[in-house]
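What follows is one structure encoded as structure tokens, with my remarks underneath.
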Amino acid sequence: PRKIIIDTDPGQDDAFAILFALGSPAELEVIGITTVGGNVPLALTSKNALKVVELAGRADVPVHAGCPAPMVRKLITAEYVHGETGLDGADLPEPVTQLQSEHAVNYLVRTIMEAPEGELTVCTLGPMTNLAMAMTMEPRIVRRLREVVLMGGGFFQGGNATPAAEFNIFVDPHAAHKVFDSGVPVTMAGIDCTYTALMTPEWLDRLRATGSRAAVEAANLADFYRQYGTHKFETPARPIHDACVTGYLLAPHIYEQRQCAVTVDIVSPETIGMTVVDWWHVTGRARNCNVLRRIDPAPFFELMLERISALP
Ligand code: BDR
Ligand code: CA
Numbered sequence: 003p004r005k006i007i008i009d010t011d012p013g014q015d016d017a018f019a020i021l022f023a024l025g026s027p028a029e030l031e032v033i034g035i036t037t038v039g040g041n042v043p044l045a046l047t048s049k050n051a052l053k054v055v056e057l058a059g060r061a062d063v064p065v066h067a068g069c070p071a072p073m074v075r076k077l078i079t080a081e082y083v084h085g086e087t088g089l090d091g092a093d094l095p096e097p098v099t100q101l102q103s104e105h106a107v108n109y110l111v112r113t114i115m116e117a118p119e120g121e122l123t124v125c126t127l128g129p130m131t132n133l134a135m136a137m138t139m140e141p142r143i144v145r146r147l148r149e150v151v152l153m154g155g156g157f158f159q160g161g162n163a164t165p166a167a168e169f170n171i172f173v174d175p176h177a178a179h180k181v182f183d184s185g186v187p188v189t190m191a192g193i194d195c196t197y198t199a200l201m202t203p204e205w206l207d208r209l210r211a212t213g214s215r216a217a218v219e220a221a222n223l224a225d226f227y228r229q230y231g232t233h234k235f236e237t238p239a240r241p242i243h244d245a246c247v248t249g250y251l252l253a254p255h256i257y258e259q260r261q262c263a264v265t266v267d268i269v270s271p272e273t274i275g276m277t278v279v280d281w282w283h284v285t286g287r288a289r290n291c292n293v294l295r296r297i298d299p300a301p302f303f304e305l306m307l308e309r310i311s312a313l314p
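Residue numbers (full-length UniProt numbering): 3 to 314.
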């Protein structure tokens with residue numbers, strides 16, 4: 003199986019991404035989880051990550067808490083989407099597992115340096131602070147990584163945090179800029195892509211009906227999460243952003259993709275945090291990013307249903 007580290011700020015959609023990955027052990031080995039301040043403050047995202055691994059019956063997956071705030075700016079959170087806890091909607095028990103004592107940034111540096119070159123993939127599902135800090139601390143990790151697969155950004159859809167910027171990139175634009183500019187191979191599941199796989203109430207009914215506890219609690223999380231977005235989606239269906247990262251790792255062929263030069267705006271007051279995608283290659287700059295543009299939703303949701311319901 004492909005070895006991945008999931009860097010995350012759970013978040014209901016983060017929980018889906020993690021459960022989807024943990025339900026796919028033949029293809030993906032989640033060697034560790036790192037947490038970051040994002041949707042809610044770090045203390046909550048860390049606790050939530052522990053709740054999710056315990057829900058999956060995988061308390062053996064180490065969870066390392068990372069940076070509480072972005073590299074330069076102040077933390078902006080999104081309780082208006084995810085609720086006060088970050089995981090509103092499901093009543094998950096207080097975790098009994100402890101966080102690891104090693105800081106997430108140290109863990110990333112150590113683990114990536116110890117692994118064979120080209121082996122590890124880091125998946126970021128929140129602000130990219132931890133990975134950018136790790137690259138700052140030990141630049142040699144860039145050459146050792148196989149790939150970074152991230153949920154963040156967008157181009158044709160504009161932004162969801164500002165007219166130009168998607169939330170994860172907007173919260174820590176400097177971190178995203180550092181990673182995109184580093185030379186590491188990047189695959190970006192931005193909102194152009196995530197808005198093409200909308201989760202329907204009918205699918206959630208099917209997920210719940212599988213009866214596995216993980217599936218039922220995931221559906222409960224989604225019921226809360228679905229309340230947000232009535233101002234932009236005409237149907238009750240909603241994107242499940244971060245899960246698109248896991249879907250890509252498992253089934254890249256169901257994604258439309260294009261290699262592009264992508265950079266992140268870190269200077270303009272109106273567009274800071276925008277991922278500027280050179281879709282038509284007009285700059286001639288090196289194509290540093292595999293931009294995911296569209297998902298075939300049917301196989302995506304079939305696979306996610308199968309994998310989350312395979313958990314206890
Ligand atoms: C992203 O922002 C967060 O609120 C979600 O968890 C997802 O990672 C979507 O813009
Ligand atoms: Ca997230």
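C-beta: ideal position from N, C-alpha, C; glycine also. Quantities reported herein were computed from a predicted structural model and do not represent experimental measurements.
Please name the residue, chosen from 300, 188 and 156, that lies closest to residue 150 on a Cα-to-Cα basis. The residue from 300, 188 and 156 with its alpha-carbon nearest to that of residue 150 is 188.
Assuming the contact rule is C-beta atoms closer than 8 Å, residue 209 and residue 217 should be a hit. Round their C-beta distance to whole Å, please. 5 Å
Pick from 84, 95, 78 and 41 that is closest to residue 59, judged by C-alpha positions: 95
heavy atom of ligand 2 below 8 Å from residue 41 C-beta: For ligand 2, a non-hydrogen atom lies closer than 8 Å to the CB of residue 41.
Which residue's Cα is closest to the Cα of residue 146: 97, 119, 80 and 133? 119
4 or more residues per run - each alpha helix (DSSP H) lying fully within the region 145-189: 169-173 and 175-183
Could you check the C-alpha separation between residue 41 and residue 170 for me, to the nearest Å? 9 Å
Find the nearest neighbour of residue 98 within the set 304, 251 and 53, judged by alpha-carbon distance. The shortest Cα separation from residue 98 among 304, 251 and 53 belongs to 53.
Entirely within the region 244-268 and at least 4 residues each: give me those alpha helix (DSSP H) ranges in chain order. 245-252
Please confirm whether any heavy atom of ligand 1 lies closer than 8 Å to the CB of residue 233. False, no ligand heavy atom lies under 8 Å from that Cβ.
I'd like the span of the alpha helix (DSSP H) that includes residue 196, first residue to last. It spans 193-196 - the alpha helix (DSSP H) in which residue 196 sits, taken as one unbroken run.
For residue 240: DSSP bridge partner residues: 201
Sort 269, 65 and 246 by Cα distance to residue 299 and report the nearest one. 246
Over the uninterrupted beta strand (DSSP E) stretch that includes residue 67, give me the two end residues. 65-67
Please report how far the alpha carbon of residue 28 lies from the alpha carbon of residue 3, in whole angstroms. 6 Å
What residue from 117, 16, 279 and 297 has the CA that sits closest to residue 160's CA? 279
When 233, 306, 273 and 293 are compared against residue 153, the one with the closest alpha-carbon: 293
Just to confirm, does residue 163 get its C-beta within under 8 Å of one of the non-hydrogen atoms of ligand 1? yes
Using CA coordinates, which residue listed in 89, 104, 31 and 76 is at the minimum distance from residue 65? When only C-alpha atoms are compared, the closest one is 104.
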